[in-house]
Amino acid sequence: MSNSKYNYDENSETWPYFAITLVGVLVIPSTVSSISSLFAKETKNTNGAITSTFKPLTFQLIKKFQSKSKASKLFNARNLLLVIGWGILLYLGNYVAHKEIESTAVLFDPFEILGIAASATDKEIKSIYRKLSIKYHPDKLSSSLSEIEKQKAEETFVLINKAYKSLTDATTKENFLKYGHPDGPQAITQGIALPKFLIESQGTVLVLAYVFVIAILLPFIVRYWWNNVKSYTKKGIRTETSTMFVEKILNYKPTTLLTPITILAWISESEEIKEALPKLPQEDIVEIFIAHCSRQMGFLAKEQDKLNAISKVPVLVNGLLDLACHFRNSEIALACIETLRSVASAVPLSGIRKQQLLQLPNVDSKAVEKSSISTLGKLFTLSEEEQKKALGIESSASLKEALDVASSIPLLKVLKAQFVVPGEDGVPPGSIAHISVKVMIKSAKHHGVVTFRTFPEDKFHEEETFETLRDPFKMLKDQPDLPPAFAPYFPTSMKTQWTSLLAIQKDGKLVEQPATTTNLDLSNLKLSPEEFKASLKDKGKDFVIGTIKIPLTQPAPPKEGNYEFRLMIKSNNYFGTDLDLPLVMVVKNPTEKVNEKIYEVPAPSDDSIAGAMAQMRGEPVSTSGDEYFDSEDEEELVEADGLGLDDEDDDWSDIDTDTDDEEDQEDPKEK
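Letter 233 of the sequence shown, counting from 1, is numbered 232 in numbering that gives the first Met the number 0, and no numbers are missing.
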């Protein structure tokens, strides 16, 4: 029968490394994930960020909520397990570092056994061998030695003989050089990389704990993780909420009036909001949202619970927006964006069209409703007293605070918009195109009309390289990141963003998923009104032109023709910064370039000797009057060169923005 006795790692030479590997595989990736989420890079207050000392009535409550949110990210069960895991990892590492390994494998060194140098000659080897043989020979040992000493001496004598043969005998020396031992290959000991105490009686508890972790706890964790993954969509909302949104979209009737209050009513039915406010009915939850947008405190729930529910609105609205675009419903998509910025800026959800003024701090909604002013641009044309009256502000300090915010809100002015196919002059049928929009960021305090003609043509030129042809959106990363939005009433930080929607002009149905713009240069906002006017006269010398690119996943139509679209670029944070413009895709087969064969030898003339020889061989010849171009062809060529489309003649009069033309006129106060 075979020996059923197993060898265990009694000297702890192997199992600590196995344990370190096992714990490290679990702890290190989890730690990296936790640190990256805990210390995620926050957008710094640069690149046109709005700095204001304004503090709403809920400022302390919001600060408390933010501190609590940060603390919950740090002190949770996951981080506690990570601390325990790192403790085990450090203990094992320290144990391995200070462990003196007692190797069971004996290294056979004949020179060390004989006590000679590796450079010893054969004569020296034989001499020392004779001396040691006489000393340790079993027949020469003293009778006074104990049995243990005699046994040790006999083992030494055997080693001396093997060492001598390893250096002198050819066969033994070959085994030593090949296998490291004069006797040839040695037996390999195989065992289990576990400490022996685990299989002894006192290790039963540890074995049971191991079985519990591997067979019960680990499958439970994997199942729990997988259920969480399946229960959330890519947009971060629960599948139950997504299903409810789909039902709302499918059951929506175009004849029904759709407002931001309708969107908030849908959101109030989501699982996320029900979990945040479990004791409130849907009507009360909607009232909480309306009170927030009206900048009122409300008393229907605890403030921290209300802030928690409000903080979930952007994720839910973006999830609904994505589904609305999937079903090509532009009306719901636009209502989602309107709701998102109303909640972010705490702007009333009523039907009045003065959100540009209501988004400012310190304003009185009743005074704004009575005022005839509705845009930020018109606000900067008024005197200080008229501005106070229009905004319902009494003190000059509060007015300055509101005007500083108003002048820092980035307004978009479109300069050029077109469909682009990398490497092509136009849009061939079936090609993959994208939309390139050249915009200029300006402030409401900047007066003057900025158009395509303001700038030289090279300002709009994009150099085509191998990198840009492969990734036409790479240049967007060179633009600065947009800063956090000014949203003092919102409980969490929000980044300034624009969402682009592309619809068919004929029926208004969306053709693509929403595209988000997160990179734009806002340095134009730093220009004073005088610097703006000076640069306007100097061909936009100090102006920075921004680029917005919208990817298109669907190929261009397969047939040539003009296809009309409507491009809507909506701000997620501010009112008055939108663009709405018509866009025509001209699908046309690329014209074949004329291949001028300038290096070919022309056919010989028929009245020459070479021509006569060519005619005899049956080769083509030219008549004496042939030329590359006759006079009529040359005339037509000149006329064709004189025709062309001037990009400056493009008319953007159909563009609809949230700002009136009045803000682009000169300030009457400066006349």
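C-beta atoms are modelled at their ideal positions from N, C-alpha and C, and glycine is treated no differently. Just so it is clear, the structure is predicted and the values come from calculations on it, not from any experiment.
In whole angstroms, give me the CA-to-CA distance for Lys247 and Ser349. Taking the straight line from one Cα to the other gives about 22 Å.
Presumed contact (8 Å Cβ cut-off) between Asp532 and Gly447, rounded CB distance: According to the sequence displayed, residue 532 carries Lys and not Asp. The distance from the Cβ of Lys532 to that of Gly447 is about 6 Å, consistent with a contact at the 8 Å cut-off.
Reduced DSSP secondary structure (H/G/I, E/B, other) of Ala389: For Ala389, the three-state secondary structure derived from DSSP is helix.
Proximity to Pro455 [Cα-Cα], best of Ser534, Asp480, Leu521 and Tyr488: Nearest option by C-alpha distance: Ser534.
Using the Cα positions of Ile83 and Tyr16, report the straight-line distance between them to the nearest angstrom. Taking the straight line joining both Cα atoms gives about 18 Å.
Among residues of its own chain, excluding the 5 on either side of His180, which ones have a beta-carbon nearer than 8 Å to its beta-carbon? The answer, listed in chain order, is Phe107 and Asn174.
Taking Ala290 as part of the alpha helix (DSSP H), name the residues at either end of that continuous run. Element bounds for Ala290: Gln281 to Cys292.
Rounded straight-line distance, which links the Cα of Pro421 to that of Ala502: The alpha-carbon atoms of Ala502 and Pro421 are separated by roughly 22 Å.
Among the residues of its own chain, which have a CB less than 7 Å from the CB of Ile49, if the five just before and after it don't count? Closer than 7 Å at Cβ, skipping near neighbours: Val404, Ser407 and Phe485.
6 Å CB neighbourhood of Ser165 in its chain, flanking five on each side removed: Only Pro109, Thr171, Lys172, Phe175 and Pro181 meet the Cβ criterion.
Excluding five sequence neighbours on each side, which residues of the same chain lie with their C-beta closer than 6 Å to the C-beta of Asn307? If we look at Asn307 and ignore the five residues flanking it on each side, its Cβ neighbours are Ala275.
Complete alpha helix (DSSP H) runs within the segment 457-536 (minimum length 4 residues, chain order): The alpha helix (DSSP H) runs lying completely inside the segment 457-536 and spanning 4 residues or more are 465-469 and 528-536, given in chain order.
Roughly how many angstroms lie between the CA atoms of Trp14 and Tyr94, to the nearest whole one? The alpha-carbon atoms of Trp14 and Tyr94 are separated by roughly 11 Å.
DSSP puts Gly545 in a beta bridge; with which residues? Val438.
Rounded straight-line distance, which links the Cα of Val24 to that of Asn361: So the two alpha carbons sit approximately 54 Å from each other.
Taking the alpha-carbon positions, what's the Thr258 to Glu462 distance? Straight across, the Cα-Cα distance linking Thr258 with Glu462 is about 44 Å.
Lys476: buried (16+ other C-beta within 10 angstroms of its C-beta) or exposed? By the neighbour-count definition (other C-beta atoms within 10 Å, threshold 16), Lys476 is an exposed residue.
How is the beta strand (DSSP E) around Gly560 delimited, first residue to last? Its beta strand (DSSP E) spans residues Gly560 to Ser570.
In or out: Gly318 buried (at least 16 other Cβ within 10 Å) or exposed? If you draw a 10 Å sphere on the C-beta of Gly318, you find 16 or more other C-beta atoms in it, and that means buried.
To test your reading of the DSSP string, which unbroken alpha helix (DSSP H) runs of 4 or more residues are found completely within the segment 209-290? Listed in chain order, the alpha helix (DSSP H) runs fully inside the segment 209-290 are 217-229, 238-250, 259-267 and 270-275, counting runs of at least 4 residues.
Taking buried to mean at least 16 other C-beta atoms within 10 Å of its own C-beta, is Thr203 buried or exposed? That one is exposed.
Am I right that Ser230 and Arg237 are in contact with their C-beta atoms under 8 Å? What's the rounded C-beta distance? Yes, they are in contact, since the Cβ atoms of Ser230 and Arg237 sit about 6 Å apart, within 8 Å.
Start and end residues, alpha helix (DSSP H) containing Asp683: A question about residue 683 goes unanswered here, because the residues of the chain that appear run from 0 up to 670.
Cβ atoms of Leu551 and Thr517: under 7 Å apart, would you say? No, the Cβ-Cβ distance between Thr517 and Leu551 is not below 7 Å.
Quick one: Cα of Ala401 to Cα of Lys234, how far? Here the alpha carbon of Ala401 sits roughly 35 Å from the alpha carbon of Lys234.
Buried or exposed by the 16-neighbour rule on C-beta atoms within 10 Å, applied to Thr254: Thr254 is classed as exposed because its beta carbon has fewer than 16 other beta carbons within 10 Å across all chains shown.
Does DSSP put Pro313 in a helix, in a strand, or in coil? Pro313 carries a helical assignment under DSSP once its states are collapsed to helix, strand and coil.
Measure how close the beta-carbons of Asp577 and Ser570 come, nearest whole angstrom, since I'm counting them as under 8 Å. Asp577 to Ser570, Cβ: 6 Å. Contact.
By DSSP's criteria, Phe418 is part of a beta bridge. Which residues make up the other side? Beta-bridge pairing links Phe418 to Ile434.
Give the straight-line distance between the Cα atoms of Ile262 and Val228, rounded to the nearest whole angstrom. Computed Cα separation, rounded: 26 Å.
Since Asp579 is in the beta strand (DSSP E), which residue starts that stretch and which ends it? Note, Asp579: beta strand (DSSP E), Leu578 to Val586.
In whole angstroms, what separates the C-alpha of Lys673 from that of Thr467? Here the chain covers residues 0 to 670 and nothing more, so residue 673 does not appear.
When you compare the segment 265-279 with the segment 311-327, are there three or more beta-carbon pairs, one atom per stretch, that lie closer than 8 Å? The segment 265-279 vs the segment 311-327: in contact.
Between Pro528 and the ligand GTP, is the CB less than 6 Å from at least one heavy atom? Only the bare structure without any ligand can be found here, which leaves the ligand GTP out of the picture.
Helix, strand or coil for Val449 per DSSP? In the three-state reduction of the DSSP assignment, Val449 falls in the coil class, being assigned neither a helical nor a strand state.
Any idea what DSSP makes of Lys412, helix, strand or coil? Strand.
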